[in-house]
Amino acid sequence: MTLASRIVALIEAQGPMSVAQFMSIALLDPRDGYYATRDPFGAAGDFITAPEVSQMFGEMIGLWLVQVWTDQGCPKNPRLVELGPGRGTLMTDILRAAKVVPEFLAGLEVVLVEASPVLRTLQEKKIGGSGVSVRWQAQFGDQLDERPLFLVANEFFDALPLRQYVRTERGWCERMVTAQNGELAFALAPMPTPPPMIPVGLEAVPEGGVYETSPAALALAEDIARIVARRGGAALMVDYGYQARSGFGETLQAVGGHSFADVLAEPGGDDLSAHVDFAALAAAGRQGGAAVLGPVTQRAFLAALGLAERAERLASANPAAGTSLVAAVKRLVGPDQMGTLFKALAFLPPAFDSAPGFAAWTAS
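Sequential numbering of the sequence shown, starting at 13, is according to my numbering.
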């Protein structure tokens with residue numbers, strides 16, 4: 013039985029499910045979920061993330077972490093957490109770059125938050141020989157003591173389950189996933205959503221307009237901010253999404269083989285994600301008590317950290333790689349590539365109001 017058939021059977025037995033529940037099953041079902049059954053990264057997968065484009069991305073983030081750690085007085089025994097580590101490429105590059113400051117690595121514990129057994133195996137092969145303490149856990153909040161928290165999340169929040177609400181003549185109704193003639197289909201909840209569930213300012217949205225929100229993302233962001241505010245450290249989130257969204261718009265998408273697909277067509281076979289609402293994440297961070305920097309574009313963030321200069325040094329050391337380095341820089345910061353669509357957001361303890369890469373935002 014396919015995952016789609018199992019979801020249809022579940023709906024027929026229990027009734028329609030929210031888009032968030034559908035996403036959770038499609039991505040994380042232990043037997044047939046998208047992330048549980050494959051390595052989706054790279055040219056042979058469904059999408060390419062920034063760490064797979066070039067080692068320079070991870071190196072810049074590694075140096076960012078070391079500098080923020082230094083700015084906070086070099087706290088002992090830091091914990092470095094990555095949410096959704098993929099193949100382990102980003103963490104490998106971070107740790108290599110951090111070797112320039114051995115004191116940062118001394119006493120460092122790396123925690124990889126990963127639910128996929130397939131990806132855990134790949135991560136262990138890549139990071140296992142790094143020389144630092146590494147462990148895995150399925151959820152962010154598991155077994156975290158009072159160490160300072162330094163956290164990285166690259167293209168993680170875009171895959172967290174979201175809920176969708178559609179403006180109708182009856183008010184805002186939640187979009188649900190139902191079954192029609194044995195096939196998955198979208199439908200609307202029969203009763204309007206209570207007004208407190210919909211933020212103020214959407215009164216003028218026309219009928220058919222869609223509002224998206226991810227309670228899971230906002231709760232996680234607030235938890236991270238609360239820990240950073242209390243224990244020290246920093247959180248850096250890089251993802252694609254809105255810098256200041258207009259409040260509504262449908263962005264949920266399915267991707268398979270580097271091409272867009274129907275969201276309901278192949279649960280477990282296609283990646284599901286949506287634009288991150290950075291304004292909402294920033295608000296959650298402030299709610300958690302952290303100082304919030306950004307969002308800034310990935311282009312501005314990496315440029316301020318010295319991406320171009322790093323590419324020049326690598327090209328000088330290996331002239332044969334010059335063309336590929338130019339292509340990588342263009343992919344990472346080009347306005348028509350990842351440079352503008354992707355954003356960076358940081359949480360810091362409330363006593364700190366600046367960090368490398370965010371000067372343009374701070375100045376504004």
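From the three backbone atoms N, C-alpha and C, an ideal C-beta is built for every residue, glycine too.
Spatial neighbours of residue i within its chain, please: CB distance less than 8 Å, with the 5 preceding and 5 following residues excluded, ordered by chain position.
i    : result
A273 : A266, V267, D282
L200 : V178, T180, C185, E186, R187, M188
V112 : L75, V78
R298 : A237, V304
Where residue i and residue j are concerned, what is the direct C-alpha to C-alpha distance, given to the nearest angstrom?
i    : j    : result
P97  : L284 : 17 Å
L248 : R147 : 20 Å
A21  : E278 : 15 Å
G269 : I210 : 35 Å
L92  : L161 : 6 Å
V122 : S145 : 6 Å
S142 : F198 : 47 Å
Q135 : M203 : 45 Å
S366 : P331 : 36 Å
L353 : Y254 : 8 Å
P63  : F69  : 6 Å
S271 : T335 : 26 Å
P208 : S30  : 18 Å
F116 : P87  : 9 Å
Q149 : N89  : 19 Å
A358 : A25  : 43 Å
P368 : E234 : 22 Å
M350 : A339 : 12 Å
A333 : K355 : 27 Å
R386 : P362 : Since the first residue shown for the chain is 13 and the last is 376, residue 386 is missing from the structure and cannot be characterised.
F370 : A316 : 8 Å
A38  : A286 : 14 Å
A110 : E219 : 52 Å
P42  : S36  : 11 Å
Nearest by alpha-carbon distance to residue i: which of the options is it?
i    : options                : result
T61  : A323, R99, L75         : R99
T153 : I239, V222, A302       : The identity of residue 153 in the sequence shown is Gly, whereas the question assumes Thr. Nearest option by C-alpha distance: I239.
M13  : V31, A109, G194        : G194
L95  : F116, A229, P207, G221 : A229
R108 : N89, K138, P90         : K138
T101 : A286, L131, P42        : L131
M103 : G183, A303, L163, V212 : L163
A296 : I236, E215, P368, G27  : I236
P206 : P362, G183, R243, E219 : G183
L319 : E71, A38, P218         : E71
D157 : P114, E219, L317, G244 : G244
I73  : F364, L326, L314       : L314
Using 7 Å as the cut-off, classify the Cβ of residue i as near or not near the heavy atoms of the ligand ADP, replying yes or no.
i    : result
P160 : In the structure shown, the ligand ADP is absent, as is every other ligand, since no ligand is present at all.
What residues in its chain sit with their C-beta under 6 Å from that of residue i, if we drop five residues either side in the sequence?
i    : result
Q33  : none
Q67  : D105
D251 : E167, F169, D170, V288
E262 : V222
Identify, in the order they occur along the chain, each residue of the same chain with its Cβ nearer than 7 Å to the Cβ of residue i, setting aside the five sequence neighbours on each side.
i    : result
W373 : L305, G306, V308
A55  : In this predicted model, A55 has a pLDDT of only 49, less than 50, meaning its place in the structure is not dependable; the value taken from the coordinates is given anyway. The answer is none, since no qualifying residue turns up.
L196 : A16, I19, V20, V189, L276
L40  : Y47, A48, A127
V65  : A340, R343, L344
P28  : M188, V189, T190, A199
R242 : none
Applying the 10 Å Cβ sphere with the 16-neighbour rule, what's the burial state of residue i?
i    : result
D289 : buried
T133 : exposed
G10  : This structure cannot settle anything about residue 10, because the visible part of the chain is limited to 13 through 376.
R311 : buried
E215 : exposed
Q151 : exposed
A165 : buried
A302 : buried
G280 : buried
A118 : exposed
E321 : exposed
V212 : exposed
R175 : buried
P173 : buried
Decide if the region 114-134 is in contact with the region 190-197; the criterion is three or more beta carbon pairs, one per stretch, under 8 Å apart. No contact exists between the region 114-134 and the region 190-197.
| task | Taking 8 Å as the threshold, find out whether the region 32-48 comes into contact with the region 80-90 through three or more Cβ pairs. | result | no
Stretch-stretch touch, CB-based, cutoff 8 Å, three pairs: the region 289-299 with the region 342-351: no
| said: With three or more beta-carbon pairs closer than 8 Å as the criterion, would you say the region 165-173 touches the region 222-236? | reply: yes
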